[in-house]
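If you're matching positions, the sequence shown starts at 2 in this note's numbering and goes up one per residue.
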Amino acid sequence: MAAEVMLMNEIEATAAQVGIDMNIDFSSIQLPPGENCGIISDDDDVYHDDQLEFDSGFGNVIVVDNLPVVPREKFEKLEGVIRKIYSQIGVIKEDGLWMPVDPETKKTLGYCFIEYNTPQEAELAKEKTHGYKLDRAHIFAVNMFDDFDKYMKVPDEWAPPEIKPYTPGENLQKWLADEKARDQFVIRAGTDTEVLWNDARQSKTEPVYKRTYWTESFVQWSPMGTYLATVHRQGAAVWGGANTFNRLMRYAHPQVKLIDFSPGEKFLVTYSSHEPSNPRDANRVVINIFDVRTGKMMRDFKGSADEFAVGGAGGVAGNSWPVFRWGGGKEDKYFAKLGKNMISVYETETFSLIDKKSLKVENVVDFSWSPTDPIIALFVPELGGGNQPARVSLVQMPGKEELRQKNLFSISDCKMYWQSNGDYLAVKADRYTKTKKSTYTGFELFRIKERDIPIEVLELDNKNDKIIAFAWEPKGHRFAVIHGDNPRPDVSFYSMRSTHNLGRVAKLTTLKGKQANALFWSPGGRFIVLAGLKGFNGQLEFFNVDELETMATAEHFMATDVEWDPTGRYVATSVTSVHEMENGFNIWSFNGKLLYRILKDHFFQFLWRPRPPSFLTPEKEEEIARNLKKYSKKYEAEDQDVSMLLSEQDREKRRMLKEEWEKWVSEWRRAQEEEKLERQKLRDGEASDEEEEYEAKEVEVEEVLDVSEEVLSFEE
């Protein structure tokens, strides 16, 4: 600190000598418009083209119109009524209620300004009281103060909009036409976000795009891989392009925390939560739904966190994300939210409730959409101490027709799992024993596409086994279950088609004593990774379900995540920053061969870029599978070329290492020759460097280490 003071004194002394005034008012300095001295802020870099419209500073002020016009003697009474109404919604600032008075008549002008502590309270007050009926003659009209500035900018005369010339957009799917048929993935490590090719043939990655401070929290691919979304203080943005990543659109939502795409990528849902002024109040939640391509906000939902909470029994209490769940497959026709004793289902044509009313279901606690059809599966727990059984119902939209219902008795908890094609629904039902002191688990299996939707009941061989994980085979008819109470649980595989009866579930096999607590099916089915995460320290088993055999076992120590690439050819395992050591990711082949490993400090995210659904029909895919050898010849030749190239590269690497070694030996010999005379002098004239030409002699040397005298006394 003393050194800094001395340095400042020197600067001031030098400035005085050359006549420079150091008393500068920095607030008075203004740069020319557009000048930044070469320093680009992160937010400007993202939003430099067209800046977001920031609040004018009056976002927490509302204007209440259509108030009674009263004389001064009734002023306090009217103010008290207004304050009572609006203080119930939020905290009004001190001197935050102002009713203008006509200076001539001394009467109020029929409107007032109210200033809250936060903009969220002001917005809530507008929503709750706009249209409020004080009496027959006075119905409140409430607006945000900031809106008046917007309305004042509207021109008095209409002018036709400027028609911009059409410019064709980029091919956002160009990456799918990669000549090497590679897949991309995105990673976040430290302050960097990178998009990379997985070049598994070369056992390495190839850079596509890299950016520092690209996002402020996380990134997320859209469901078909067209867009990469980033999150910022002012809102969200999506990126894409033919050869690089350009910003395609941004969505204004201050303090956005979470985002979610609709399955068909048409809409983007953004979420934020804001703390209230009064600690006793619930957080204020804002949810916006945007059109992804145009950036237009289609619908917003605002309210307290309690209004968006998923409450009730059945193990699903509390908030969940996404709040809105999409239905109707890739067409993005419907989205729904769970409420108290109802499910609110909206259609995206008008963004309003179907039939203008919610689906009333007493005590409903959970629901989920079929992945492909507008069918809702909902769960209602037991009521009245078991007098009214729990039930699972299937409801068709938009007609709200109940397709199937199953009553469930002695239920403690229930979870629903849809198969990816919507062919099957598994309901995991935890039931109480007769004593009510313990539970056991069974499955109710719905065959959705069959006539009358038949239901089968499946119980494990040991029905008291704890269910650790359940997963359907994508696009298939099989499912896997990890079960048991032992440190090494069992893994069982079942098929919805038995050998002799296609309509009957059958067990395929049980693998005993596995170090696994998570299941990861290949997107194409057939193969599965049995993973032991967390307590099992990253144990991996690559299993072929067709042949019911283990292809490989491996370990990625401390692995936190496992993710298949969208084609089912490769598996990524990663260790994120929840662990301080070994951060990074491994890429494996589908059969468990480690292809390459990359370490990254402060590693946060690994996400494969999704692919859109194939245009091939199931029949065409089967035909290709049957004739795979014919199609594979081309790729086998390419693989051979790559292998030869890698061999040539390997030989070249070895040749260079050999040359480097020979060069080092040559340098060493030259130095030895130059020092020969010096060595000869040190050896008293002996010329040879060969140890064999010398005779070894042992020489004994006596050395006195210490001499001491001691006087001894002799006693007679």
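C-beta: ideal position from N, C-alpha, C; glycine also.
Let me check understanding here. Comparing Cα to Cα, which of the options lies closest to residue i?
i      : options                           : result
His603 : Leu509, Phe586 and Pro611         : Phe586
Ala201 : Asp356, Arg183 and Asp193         : Arg183
Pro280 : Arg212, Asn118, Ile164 and Ala123 : Asn118
Glu95  : Arg84, Asp103 and Glu105          : Arg84
Ile412 : Leu426, Glu403 and Tyr433         : Tyr433
Asn199 : Val366, Phe309, Glu180 and Lys154 : Glu180
Phe410 : Asp424, Glu445 and Ala378         : Glu445
Arg294 : Tyr252, Gly400 and Arg479         : Tyr252
Phe186 : Glu679, Lys154, Leu608 and Ser369 : Leu608
Glu276 : Asp301, Asp307, Met250 and Asn289 : Asp307
Asp282 : Leu125, Glu663, Arg627 and Glu704 : Leu125
Leu404 : Gln389, Leu678, Asp374 and Pro162 : Asp374
Leu509 : Ser493, Ala517 and Phe141         : Ser493
Val546 : Ile355, Phe591 and His580         : Phe591
Ala507 : Tyr636, Ser523, Phe544 and Leu459 : Leu459
Val70  : Thr109, Val270 and Glu207         : Thr109
Leu135 : Met298, Val563 and Leu79          : Leu79
Arg570 : Trp522, Gly536, Ser667 and Ala532 : Trp522
Ser88  : Lys75, Lys129 and Ala160          : Lys129
Ser218 : Glu710, Ile164, Asp193 and Lys401 : Asp193
Gly97  : Lys635, Ile90, Val62 and Ile86    : Val62
Leu596 : Ser204, Lys151, Ala391 and Val209 : Ser204
Gln397 : Glu163, Ser371 and Glu711         : Ser371
Ile93  : Glu77, Glu122, Ile588 and Tyr272  : Glu122
For residue i, which residues of its own chain have a beta-carbon under 7 Å away from its beta-carbon, when the five flanking residues on both sides are left out?
i      : result
Arg73  : Lys107
Pro224 : Phe262, Pro264, Glu266 and Pro611
Ala378 : Phe368, Ser369, Val393, Leu395, Met417 and Leu426
Leu384 : Asn364
Gly340 : Ser359
To the nearest whole angstrom, what separates the beta carbons of residue i and residue j, a pair I think is in contact under 8 Å?
i      : j      : result
Leu549 : Ile454 : At roughly 30 Å, the Cβ-Cβ gap does not stay under 8 Å, so Leu549 and Ile454 are not in contact.
Gly304 : Val324 : With a Cβ gap of about 11 Å, Gly304 and Val324 do not count as contacting.
Leu520 : Ile483 : 6 Å
Ala481 : Ile529 : 6 Å
Ser496 : Arg479 : 5 Å
Pro490 : Lys515 : 7 Å
Phe268 : Thr349 : 7 Å
Glu687 : Gln681 : 7 Å
Leu541 : Asn518 : Wrong, their Cβ atoms sit about 12 Å apart, outside the cutoff.
Val257 : Val232 : 6 Å
With a threshold of 8 Å on Cβ separation, who are the neighbours of residue i within its own chain once the five nearest residues in sequence on each side are excluded?
i      : result
Tyr112 : Val64, Val65, Asp66, Asn67, Leu68, Met100 and Pro101
Asn584 : Ala190, Val576, Thr577, Ser578, Leu600, Lys601, Asp602, His603 and Phe604
Ser633 : none
Leu713 : none
Met343 : Ser359, Leu360, Lys361, Val362 and Val365
Val705 : none
Lys127 : Ile63, Val143, Asn144 and Met145
Give me the DSSP bridge partner(s) of residue i.
i      : result
Leu384 : Gln389
Thr206 : Asn199
Phe544 : Ile529 and Thr551
Arg432 : Ile412 and Tyr441
Gly340 : Met343
Trp662 : According to DSSP, which records beta bridges pairwise, Trp662 is partnered with nothing at all.
Arg452 : Answer by DSSP bridge pairing: none, since Arg452 is not bridged.
Met497 : Looking at the DSSP assignment, Met497 forms no beta bridge with any residue, so it has no partner.
Tyr418 : Ala427
Asn284 : Paired residue(s): none; Asn284 is not in a bridge.
Ile290 : Val270 and Arg300
Thr510 : Phe494
Report all residues from its chain with a CB closer than 6 Å to the CB of residue i; omit the five preceding and five following residues, and keep chain order.
i      : result
Val643 : Arg202
Gln606 : Arg189
Trp662 : none
Thr442 : Asp431 and Ile468
Gln650 : none
Gly477 : Gly526
Lys175 : Ala243
Gly539 : Glu556, His557, Phe558, Met559 and Ala560
Asp566 : Asp184 and Trp609
Gly1   : There is simply no residue 1 to check, as the chain begins at 2 and stops at 717 in what is shown.
Could I get the ranges of all uninterrupted beta strand (DSSP E) runs contained in the segment 564-608, with 3 residues as the minimum, in chain order?
Runs of the beta strand (DSSP E) inside the segment 564-608: 571-576, 585-590 and 595-600.
To test your reading of the DSSP string, which unbroken beta strand (DSSP E) runs of 3 or more residues are found completely within the segment 230-255?
Secondary structure in the segment 230-255: the beta strand (DSSP E) runs of 3 residues or longer, each lying completely within the stretch, are 236-241 and 247-253 in chain order.
Please give the ranges of any beta strand (DSSP E) in the segment 57-102, keeping only runs that are unbroken, at least 3 residues long and fully inside the region.
Here the runs fully enclosed are 62-66 and 93-99.
Let me know the alpha helix (DSSP H) ranges lying completely inside the segment 121-195, each 4 residues or longer, listed in chain order.
Counting only runs of 4 or more, we get 146-153.
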